[in-house]
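Residue numbers (my numbering): 1449 to 1685.
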């Protein structure tokens, strides 16, 4: 299982939200590329980046910071947050991002999703943010009409290879991840699943590894020093 340490960007800074609440934000660094360098020095092979401003606006306000991260570390970088046009995907591809994550756009614009996959293939992943059993959109502010399982099946049928699945109720709360959800998803579907939200102990990582899922995101637990990236990678092997 792969470990994806996370950097959430807002105003060019590395921050964390509590349960997706923009009014409940903690700033951890105004030099996010230094955090990426720390990930690498602890053995990370991947970085998961979310542009929190982009998630709201559909623009790329932090692209210069993301480029600096990409240029600073020779790691696999995936980026999500408000990617709703081919122009934005092209921008990220041009600066060396390895994978882009479509969220709201994948729910609301199936044609765009298919166009993106036709052009970029496995570089396109879909973020599925779950709120009360349904897929949430627009920076977690609205619920769509799709249940989580309906939507995963739809993505698999369209040809999406990777999904990043977040249980919003667990995100940033440091109270453990939703192991039953990921177990059910991994048993039902043949799609690479990256588990996100609430991974706060090495036991969470051990539990996910037993399900043979593709990866998990470590966010707040890194910043609060509850989990070291080096230990997480060892446990995930």
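Where a beta carbon is used, it is the ideal one built from N, C-alpha and C, also for glycine.
Residues of its chain near residue i, where Cβ-Cβ distance is below 7 Å and the 5 sequence neighbours each way are ignored
i	result
residue 1583	1555, 1576, 1577, 1592, 1594, 1596 and 1599
C-alpha distance - residue i paired with residue j, whole-angstrom precision
i	j	result
residue 1476	residue 1486	13 Å
residue 1669	residue 1655	16 Å
residue 1463	residue 1662	25 Å
residue 1658	residue 1542	37 Å
residue 1648	residue 1676	10 Å
residue 1580	residue 1590	11 Å
residue 1494	residue 1525	6 Å
DSSP state of residue i mapped onto helix, strand, coil
i	result
residue 1633	helix
residue 1534	helix
residue 1659	coil
residue 1473	strand
residue 1489	helix
residue 1453	strand
residue 1679	helix
residue 1664	strand
residue 1539	helix
residue 1518	helix
Residues near residue i in its chain [Cβ-Cβ closer than 6 Å; skip 5 each side]
i	result
residue 1454	1496, 1665 and 1667
Cβ of residue i within 7 Å of any chain C Cβ
i	result
residue 1549	Included in the structure is just one protein chain, with no chain C present.
Contacts around residue i, its chain only, beta-carbon distance under 8 Å, and the 5 residues preceding and following it disregarded
i	result
residue 1616	1467, 1468, 1577, 1578, 1579, 1584, 1588 and 1645
Closer than 6 Å: residue i CB and nearest the ligand SAM heavy atom
i	result
residue 1525	Judged by which ligands are present, the structure shown has none, so any question about the ligand SAM falls away.
Below 8 Å, can you find three or more Cβ-Cβ pairs linking the stretch 1459-1477 to the stretch 1677-1685? A contact between stretches requires three or more CB pairs, one per stretch, nearer than 8 Å, and the stretch 1459-1477 fails this requirement with the stretch 1677-1685.
Between the stretch 1565-1576 and the stretch 1534-1554, do at least 3 Cβ pairs fall closer than 8 Å? yes
Unbroken alpha helix (DSSP H) runs of length 4 or more, entirely within the stretch 1551-1632: which are they? Counting only runs of at least 4 residues, the stretch 1551-1632 fully encloses the following alpha helix (DSSP H) elements, listed from N- to C-terminal order: 1552-1556, 1558-1568 and 1596-1606.
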